[in-house]
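Taken in order, these protein sequences are the chains called A and B.
So the numbering used here is basically just the index in the first sequence, starting at one, shifted up by 1483.
So the numbering used here is basically just the index in the second sequence, starting at one, shifted up by 128.
C-beta atoms are modelled at their ideal positions from N, C-alpha and C, and glycine is treated no differently.
Given the structure is predicted, the values throughout are model-derived calculations rather than measurements.
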Amino acid sequence: MVTQITSFGRSGLYDWMMQRISAVVLSLYSVFIIGYLLLNPDLTYEQWGSLFEATWMRIFSLLALLSVGIHSWIGLWSVSTDYLKATGVRFFFQSLCGLVMFVYVVWGVQVLWGL
Amino acid sequence: MLVSIYRYNPEVDDAPYMQDYEVNLPEGKDLMVLDVLNILKAQDPSISYRRSCREGVCGSDGMNMSGKNGLACITPVSSAVKNNKLVLRPLPGLPVVRDLVVDMSQFYKQYEKIKPFLINDTPAPAIERLQSPEDREKLDGLYECILCACCSTACPSFWWNPDKFIGPSGLLQAYRFLADSRDTATQDRLSELDDPFSVFRCHGIMNCVNVCPKGLNPTKAIGHIRTMLLQRAT
């Protein structure tokens, strides 16, 4: 058993499962948004605004946003442990990724709820 | 035919280099790469490589032939030559001892980690532990591994983390014991594998399947291990 403390869930199985679940959420969200844009070629601001005012859409978008955070964290954590061999550099990169993802989540919540 | 060989003798050379040799191959015969090496060894006795059974059973002469890992003794020259040139390098990713000889310690250390022996804490029967033909069949495609290291040294995940990722060869063997009906340590074995490196560093690129000289499928075995871990935890 290899011990480490910086991965997402500290268990390989948990990280692997979350990576897949978040991937499914992200693909469903992408398909939905692309489909919506294709089916509504003459999209107006009001229509777009009312879509994002619906609670289900906010839940779906927040889910997608959290999935982006989780998915990219697990992915970039893997990349950093593959290619960054100096502990200090790796830890700095991981901290930076964590910070950026946190900023995006908070900022995304503000955007979604129009705060 | 031109043969380019990776040469490195740490006692003499500052850095590895490629040395070219011209070999006259007999007409109408497709030699194996190992035969070519033997011809060259007669010309230049300083060329070093491992070999033993010369029939793909011992796994000693794993090397990188024109970019693809394999056993030199069962790889025909015709399939390894590219543009009338044969390039021979040691297995990638492992420290080179000399020329085509690599230090396999890291590879064996990973093999050791998965406890490659049957563990059974029930009293031993008088004759032998019996297994149904169906249970025995589950070990097919697993027990044939000869530990030549062609797969693990073709795996980028093993190149970057040879101390943490068990590698395709070790994981194929791990599943060989997980799947064995006579083994009682399944839960302990699975617990040892549930971290982000040991198994989950495999991203399923199947380089291992592509190079295995015995035609085995480590990626499939790794998939089975994942399923076992998932079934245990959900």
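C-beta contact flag for L299 of chain B and R317 of chain B at 7 Å: Mapped onto the second sequence, residue 299 of chain B falls at position 171. Mapped onto the second sequence, residue 317 of chain B falls at position 189. No.
Measure the C-alpha to C-alpha separation of P218 of chain B and F328 of chain B and round it to an integer number of angstroms. Numbered from its first residue, the second sequence carries residue 218 of chain B at position 90. Numbered from its first residue, the second sequence carries residue 328 of chain B at position 200. Each residue's alpha carbon lies about 27 Å from the other.
Who are the near neighbours of Q315 of chain B in its chain, counting only those whose CB is closer than 8 Å to its CB and skipping five residues on each side? One-based indexing of the second sequence puts residue 315 of chain B at position 187. Cβ neighbours of Q315 of chain B beyond the five flanking positions: R360.
Is C340 of chain B near C279 of chain B, with beta carbons less than 7 Å apart? Here residue 340 of chain B refers to the residue found at position 212 when the second sequence is read from its first residue. Here residue 279 of chain B refers to the residue found at position 151 when the second sequence is read from its first residue. Between C340 of chain B and C279 of chain B, the gap from beta carbon to beta carbon is short of 7 Å.
Would you kindly work out how many angstroms separate the C-alpha atoms of P204 of chain B and V1588 of chain A, rounded to a whole number? Start at 1 with the first residue of the second sequence, and residue 204 of chain B comes out as number 76. Start at 1 with the first residue of the first sequence, and residue 1588 of chain A comes out as number 105. So the alpha carbons of these two residues sit roughly 57 Å apart.
Which first and last residues belong to the alpha helix (DSSP H) in which E90 of chain B is found? The shown model of chain B, from 129 to 362, leaves out residue 90 of chain B, and the question about it has no answer.
So for R375 of chain B, helix, strand or coil by DSSP? Outside the shown range of chain B, which is 129 to 362, sits residue 375 of chain B, and nothing can be said about it.
The beta strand (DSSP E) spanning Q359 of chain B covers which residue range? Here residue 359 of chain B corresponds to residue number 231 of the second sequence, with the count starting at 1. Not the beta strand (DSSP E): Q359 of chain B falls in the alpha helix (DSSP H), residues P346 to A361.
Do you know how far the Cα of L222 of chain B is from the Cα of L357 of chain B? As a first step, residue 357 of chain B must be located in the second sequence, where it is residue number 229. As a first step, residue 222 of chain B must be located in the second sequence, where it is residue number 94. If I take the Cα positions, the gap works out to 30 Å.
Note down, in chain order, each residue of its chain lying with its Cβ closer than 7 Å to the Cβ of F325 of chain B, except the 5 sequence neighbours on either side. On the second sequence, residue 325 of chain B is found 197 positions in, with the first residue counted as 1. Excluding positions up to five away in sequence, the list reads N289, K292 and F293.
Below 6 Å CB to CB, which residues in the same chain sit around S1490 of chain A once its five sequence neighbours on both sides are set aside? Numbered from 1 along the first sequence, position 7 holds the residue referred to as residue 1490 of chain A. Taken in chain order, the residues that qualify are D1498 and W1560.
Answer with yes or no whether the minimum CB distance from M1484 of chain A to chain B is below 7 Å. Along the first sequence, one-based indexing puts residue 1484 of chain A at 1. Yes, M1484 of chain A lies at the interface with chain B (some Cβ there is under 7 Å from its Cβ).
Roughly how many angstroms lie between the CA atoms of R178 of chain B and G190 of chain B, to the nearest whole one? Here residue 178 of chain B is taken as the residue at index 50 of the second sequence, counted from 1. Here residue 190 of chain B is taken as the residue at index 62 of the second sequence, counted from 1. Approximately 8 Å, taken between the alpha carbons.
What does the alpha-carbon distance come out to for the pair F1575 of chain A and R1493 of chain A? Indexing the first sequence from 1 puts residue 1575 of chain A at position 92. Indexing the first sequence from 1 puts residue 1493 of chain A at position 10. F1575 of chain A and R1493 of chain A have their C-alpha atoms spaced approximately 19 Å apart.
Residues that A282 of chain B contacts on chain A, provided the C-beta gap is smaller than 7 Å: Mapped onto the second sequence, residue 282 of chain B falls at position 154. Simply none; closest approach about 16 Å.
Cα-Cα separation between M146 of chain B and C330 of chain B, rounded to whole angstroms: The residue given as residue 146 of chain B occupies position 18 in the second sequence. The residue given as residue 330 of chain B occupies position 202 in the second sequence. Going by the C-alpha atoms only, they are around 32 Å apart.
Residue range of the alpha helix (DSSP H) that K266 of chain B falls in? Here the question's residue 266 of chain B lines up with position 138 in the second sequence. Element bounds for K266 of chain B: n/a, residue is neither H nor E.
Contacts of N289 of chain B in chain A (Cβ-Cβ under 8 Å): As a working note, residue 289 of chain B is residue 161 in the second sequence. In chain order: T1564 and D1565.
Taking C-beta to C-beta, are R182 of chain B and L162 of chain B nearer than 7 Å? Sequence index remark: in the second sequence, residue 182 of chain B carries index 54 (1-based). Sequence index remark: in the second sequence, residue 162 of chain B carries index 34 (1-based). In this structure, L162 of chain B lies closer than 7 Å to R182 of chain B by Cβ.
Distance check for A302 of chain B and F1535 of chain A, CA to CA, integer angstroms please. Locating residue 1535 of chain A in the first sequence gives position 52, counting from the first residue. Locating residue 302 of chain B in the second sequence gives position 174, counting from the first residue. Distance between the alpha carbons of F1535 of chain A and A302 of chain B is about 50 Å.
Excluding the 5 residues flanking F1543 of chain A on each side, which residues of the same chain have their C-beta closer than 7 Å to its C-beta? Stepping through the first sequence from its first residue, residue 1543 of chain A is reached at position 60. Closer than 7 Å at Cβ, skipping near neighbours: Y1512.
Within 10 angstroms of its Cβ, does S233 of chain B collect 16 or more other Cβ (buried), or is it exposed? As a working mapping, residue 233 of chain B is identified with position 105 in the second sequence. Classification of S233 of chain B: exposed, given that the 10 Å Cβ count is below 16.
First and last residue of the uninterrupted alpha helix (DSSP H) at V151 of chain B: The residue given as residue 151 of chain B occupies position 23 in the second sequence. Unbroken run through V151 of chain B: none, as it is neither H nor E.
Whose C-alpha, out of B:L246, B:K210, B:C276 and B:L267, is nearest the C-alpha of R257 of chain B? Along the second sequence, read from residue 1 onward, the residue named residue 257 of chain B stands at position 129. Nearest option by C-alpha distance: B:L246.
Just to confirm my understanding: we take L1520 of chain A, look at its own chain, exclude 5 residues before and 5 after, and list those with CB closer than 8 Å. What are they? The count along the first sequence starts at 1 and reaches residue 1520 of chain A at position 37. These residues qualify, in order along the chain: L1526.
Closer than 8 Å by beta-carbon distance: list the chain A residues that pair up with F328 of chain B, in chain order. Counted from its first residue, the second sequence places residue 328 of chain B at position 200. Per Cβ cutoff of 8 Å: G1495, L1496, D1498 and W1499.
For the putative contact between D148 of chain B and S132 of chain B, defined by C-beta atoms under 8 Å, what is the C-beta separation to the nearest angstrom? Reading the second sequence from its first residue, position 20 is the one you call residue 148 of chain B. Reading the second sequence from its first residue, position 4 is the one you call residue 132 of chain B. With a Cβ gap of about 5 Å, D148 of chain B and S132 of chain B count as contacting.
Bounding residues of the alpha helix (DSSP H) (the contiguous stretch that carries R1640 of chain A): Missing from the structure shown is residue 1640 of chain A; chain A here goes from 1484 to 1598 and no further.
Using DSSP's beta-bridge definition, name the partner residues of K213 of chain B. Taking the first residue of the second sequence as position 1, residue 213 of chain B is located at position 85. Looking at the DSSP assignment, K213 of chain B forms a beta bridge with B:L130 and B:K210.
Pair within 7 Å by beta-carbon distance, I274 of chain B and G187 of chain B: Here residue 274 of chain B refers to the residue found at position 146 of the second sequence. Here residue 187 of chain B refers to the residue found at position 59 of the second sequence. Going by C-beta atoms, I274 of chain B is nearer than 7 Å to G187 of chain B.
Terminal residues of the alpha helix (DSSP H) in which V225 of chain B lies: Here residue 225 of chain B refers to the residue found at position 97 of the second sequence. Element bounds for V225 of chain B: not the alpha helix (DSSP H) but the beta strand (DSSP E), V224 to R226.
Which of helix, strand or coil DSSP assigns to G184 of chain B: In the second sequence, residue 184 of chain B corresponds to position 56, counting from 1. Three-state DSSP puts G184 of chain B in coil, outside helix and strand.
Check whether the Cβ atoms of G370 of chain B and L344 of chain B sit closer than 7 Å, and answer yes or no. An answer regarding residue 370 of chain B cannot be provided, because it is not within the stretch 129 to 362 covered by chain B.
Taking F286 of chain B as the reference, which of B:I333, B:D141 and B:A208 has the closest Cα? Position 158 of the second sequence, counting from 1, holds the residue named residue 286 of chain B. Of B:I333, B:D141 and B:A208, the residue nearest in Cα terms is B:I333.
Do you know offhand how far Q1487 of chain A's Cα is from P138 of chain B's? Stepping through the first sequence from its first residue, residue 1487 of chain A is reached at position 4. Stepping through the second sequence from its first residue, residue 138 of chain B is reached at position 10. Taking the straight line from one Cα to the other gives about 35 Å.
Going by C-alpha distance, which of A:L1496, A:V1508 and A:G1532 is nearest G351 of chain B? Numbered from 1 along the second sequence, position 223 holds the residue referred to as residue 351 of chain B. The shortest Cα separation from G351 of chain B among A:L1496, A:V1508 and A:G1532 belongs to A:L1496.
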